[in-house]
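Per numbering that gives the first Met the number 0: the sequence shown = residues 0 to 73. Data block below; observations after.
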Amino acid sequence: MLQELGRVIIIIGIVLVVIGSLFWFFGKLPFLGKLPGDFLLQRDNFSLYAPITTMIILSVFLSIILTIISFLKK
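Structure (structure tokens):
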């Protein structure tokens with residue numbers, strides 16, 4: 000049981016390192032944060048940024064990846 004948990008944590012760490020490396024090598028992705036549905040509200044001494052569409056897309060992408068990983072484990 001604990002060995003499986005250890006493997007999962009290591010795999011998640013490797014995936015995060017790969018994703019971080021991709022962001023580092025390719026720079027900031029130009030379309031993330033500028034999609035329709037990403038809100039930016041600026042007032043005099045206040046600014047609020049809510050990247051709703053970007054977070055939905057990233058959530059769907061991560062759900063697909065995790066579903067594939069769990070399917071391959073079986």
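Cβ coordinates follow ideal geometry from the N, Cα and C atoms, glycine included. All of these numbers come straight from a predicted model, not from anything done at the bench.
- Message: I'd like to know whether the C-beta atoms of T52 and L34 end up nearer to each other than 8 angstroms.
- Response: Along the sequence shown, read from residue 1 onward, the residue named residue 52 stands at position 53. Along the sequence shown, read from residue 1 onward, the residue named residue 34 stands at position 35. If you check the CB distance, T52 and L34 come in under 8 angstroms.
- Message: For a test of the three-state rule: what should DSSP assign to L31, helix, strand or coil?
- Response: In the sequence shown, residue 31 corresponds to position 32, counting from 1. Here L31 sits in coil by DSSP.
- Query: Where does F38 sit, in a helix, a strand or coil, going by DSSP?
  - Reply: Position 39 of the sequence shown holds residue 38. F38 falls in the strand class under three-state DSSP.
- Message: By the DSSP assignment, the alpha helix (DSSP H) with I54 in it spans what residues?
- Response: The count along the sequence shown starts at 1 and reaches residue 54 at position 55. It is worth fixing the name first, because residue 54 is Met in this sequence and not Ile. Segment 51 to 72, the alpha helix (DSSP H) holding M54.
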